[in-house]
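Asks: The end of the sequence shown is residue 564 by my numbering, with every number in the run present. Even glycine gets a Cβ: it sits at the ideal position worked out from N, Cα and C. This one's a predicted model, so the numbers in the text were calculated from it and none came from an experiment. Below are the structure tokens for one structure; questions will follow.
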Amino acid sequence: MIALLGQLAFAMVTTALAQTPTVDEPVYVGAAALYRHGGGLQVNPEHPPLGKLIMAVGLAVADPRIEPTFRGNQSDLGRHVLYEAGNDADRLMLLARLPMILLTLGFGLVVFAFARDLTGRAGALVALAVYAFTPDVIAHGSLATLDVPAAGFLLTSAWLLWRSRRRPWVYLPAAGLTLGAALATKMSALAAVPVLLALAAWSAWHARPTLPRVRRLADAGAGAGGTGLLAVATVWASYLVVDPRLQRPAPDTLPTVDGLRATVVDWLPFPGSFRDGMLIQFGFEDWAWGGYLFGETYSGHLWYYLPAALLVKTPLAALVLWLVGAAALLAVPRLRPAAAYLLVPAAVLMAAAMTGSRDLGVRYAIFIPVFLAVAAAAVTAVRWPTVAARVARPVAAVLVVLVAVSSVRAFPFYLPYANEAFGGPARTYQHLHDSNVDWGQDLGRLADRLRQRYPDEQVWLAYKGAGVPEYYGITASDPREAAPDEVRGLLVVSNTWVATAGGQLRELIDSSEPIDQVGHSMTIYRR
């Protein structure tokens, strides 16, 4: 166990050190820095504050400066904190990422403990290995973002609910707090609330089977109600820590939402700032986002986008372990109850995510590798026929090794990972875009490459990201703002735009010679 967590820590820390800020991180870091300066909830209201409060704990070491005269939106704030206020951007990013790395390691312990409760130590090691070597867990667990923390808190709540079947009044309160932590981190966790509250009721009902039926019903109601109340209280507490006055964004900055969605928002038992954030999220869902899948660009949303993205970005052996483990949960009688705690929440979250309009990355389904890593442990619990039993565990061990090999081969480029069936990380941009491959993370690597291999050459840069090229010593012009015949020398293009660009940038790319790759997220051309 220690070795697996150690390799996960090594992979995440080295990744965090090497990568410049991704698209979303500066906004969260800016909000976290503002929290430390007594700022309120008006910055980044579309996400609850807990994840940013955790980042602020890391930032406490540096106490990042914000100029008193600063004015601007949340993107401006992130840029200001990292690049304009005299702070060390690399140090701030590492300090914001370290608490998320520690959380991801902690969730690895939850994966191990949950799987051990179900199958014993052998299954727990399988589950932890699958989790620790999953490239998307490494990639997003090493970032100052909210996806892995929300998924991990939900898994922790599900595990505590499972344990509540024996000691409900010990574990149900903890399950409520961790469910609240998930809700206080990311609003998409709301989809799991009905399932987890139903499981709280079921666990309380199951805990004392000798009691009269009426008493068990009362226990079930109290279990669900108490779990829900603690979750709500946790959300309120996270907002009150940031701003006891709970000041809200100006009404004219909020989108208009009508119908059932507006009714749902009105009935949510959360602070007004949380409900305002839900309105903003619904507003995002009404946008016509652009998508890209398997070489085709499109406008709008494809319902099968997330399953397809998972197929590309999950090690092949992990897919096998997930599927066999899920089948084993359903097939083995003593494990069947656990399917409700693992497979049902994951399925509900996946169904909700598949209805979303933002086909921007597998990170929207990061709960799948987190939950199904535990399910993979069930492969060790199947009572195979005599002949098959001799090979079952060796085959499971080989599959775990294959997951590890596929992951290690991607080091240190976990964000653009694709499995071998889709050509590996170097080919990911031909199948997927945005945070699946190219999220602005390689600006520092680009600076090193230009300095080492292409000194004193004219550089034209079409960069998709939140970093500031000049901060890293890159002097470049935007090729989209010049006449095509003026674009001579090196043309550097983020791979999302290599795949999806149109117009002049497309013409420039097609008429240039590719000569180099940076981190599998940028292509260097010569013109």
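Might you give, ordered along the chain, the residues of its own chain that have their beta carbon closer than 7 Å to the beta carbon of Gly-77, omitting 5 neighbours on each side?
Replies: Val-279, Asp-280 and Gln-284
Asks: Alpha carbon to alpha carbon, how far is Gly-160 from Thr-171? Give it in angstroms, no decimals.
Replies: Straight-line Cα distance between these residues: approximately 17 Å.
Asks: Could you please give the first and the last residue of the uninterrupted beta strand (DSSP E) stretch that includes Trp-499?
Replies: Here the sequence assigns Ala to residue 499, which means Trp is not the residue at that position. Its beta strand (DSSP E) spans residues 496–499.
Asks: Would you tell me roughly how many angstroms separate the C-alpha atoms of Tyr-341 and Val-385, rounded to the nearest one?
Replies: The C-alpha of Val-385 is placed about 15 Å away from the C-alpha of Tyr-341.
Asks: Which partner residues of Tyr-335 appear in the DSSP bridge assignment?
Replies: Answer is Gly-328.
Asks: Which whole-angstrom value is the C-beta distance of Gly-510 and Arg-488, which I expect to be below 8 Å?
Replies: 7 Å
Asks: In terms of residue numbering, what span does the beta strand (DSSP E) encompassing Arg-563 cover?
Replies: 559–563
Asks: When you compare only the Cα positions, how much space is there between Phe-307 and Asp-475?
Replies: 35 Å
Asks: Note down, one range per segment and in chain order, each alpha helix (DSSP H) of at least 4 residues found wholly within the stretch 87–168.
Replies: DSSP assignment within the stretch 87–168 yields the following whole alpha helix (DSSP H) runs of 4 residues or more, N-terminal first: 87–96, 111–116 and 126–156.
Asks: Looking at Gly-145 and Leu-42, is the spacing between their C-beta atoms short of 7 Å?
Replies: yes
Asks: Alpha carbon to alpha carbon, how far is Ala-390 from Pro-344? Give it in angstroms, no decimals.
Replies: 10 Å
Asks: What did DSSP end up calling Asp-475 once you bin it into helix, strand or coil?
Replies: Three-state result, Asp-475: coil.
Asks: So which of Arg-564, Gln-79, Leu-54 and Ser-548 has the shortest CA-CA distance to Asp-313?
Replies: Gln-79
Asks: Tell me the rounded alpha-carbon separation between Val-411 and Arg-563.
Replies: Approximately 48 Å between the Cα atoms of the pair.
Asks: Glu-322 lies in the alpha helix (DSSP H); which residues open and close that run?
Replies: 309–322
Asks: Nearest by alpha-carbon distance to Ala-364: which of Pro-352, Ala-377 and Leu-353 is it?
Replies: Taking each of Pro-352, Ala-377 and Leu-353 in turn and checking the Cα distance to Ala-364, the smallest one comes out for Ala-377.
Asks: Quick check on this structure: which residue in Ile-561, Leu-347 and Ala-355 has the alpha carbon closest to the alpha carbon of Asn-473?
Replies: Leu-347
Asks: Does the stretch 368–377 come within contact of the stretch 292–306, defined as at least 3 CB pairs closer than 8 Å?
Replies: Flag = no, the stretch 368–377 and the stretch 292–306 do not touch.
Asks: In its own chain, which residues sit with a C-beta less than 6 Å from the C-beta of Ser-201, not counting the 5 before and 5 after it?
Replies: Tyr-208, Leu-209 and Ser-240
Asks: Can you give the Cα-Cα distance for Asp-295 and Val-301, rounded to whole angstroms?
Replies: 10 Å
Asks: For Leu-131, collect the residues of the same chain with a Cβ closer than 7 Å to its Cβ; drop the 5 residues on either side in sequence, then sort them by chain order.
Replies: Its chain contains Ala-53 and Leu-54 as the residues whose beta carbon lies nearer than 7 Å to that of Leu-131, once the 5 sequence neighbours on both sides are disregarded; these appear in chain order.
Asks: So, using beta-carbon positions, are Tyr-500 and Ser-531 closer together than 7 Å?
Replies: In this structure, Tyr-500 places its C-beta atom within 7 Å of the C-beta atom of Ser-531.
Asks: Thinking C-alpha only, which one of Ile-138, Asp-479 and Thr-351 is nearest Ala-458?
Replies: The shortest C-alpha separation from Ala-458 is found at Thr-351.
Asks: Quick check on the burial criterion: 16 or more other C-beta atoms within 10 angstroms. Buried or exposed for Pro-406?
Replies: Of the other Cβ atoms in all chains shown, 16 or more fall within 10 Å of the Cβ of Pro-406; this residue is therefore buried.
Asks: Under 7 Å, do Ala-235 and Ala-257 count as touching if we go by C-beta distance?
Replies: In this structure, Ala-257 does not lie closer than 7 Å to Ala-235 by Cβ.
Asks: Going by DSSP in three states, Glu-83 sits in which element: helix, strand or coil?
Replies: coil
Asks: Are the beta-carbon atoms of Asp-568 and His-468 separated by less than 7 Å?
Replies: The chain is shown only over 38 to 564; residue 568 falls outside these bounds and no answer can be derived.
Asks: In chain order, what are the residue ranges of uninterrupted alpha helix (DSSP H) at least 4 long that sit wholly in the stretch 514–550?
Replies: Whole alpha helix (DSSP H) segments, 4+ residues: 532–537 and 540–547.
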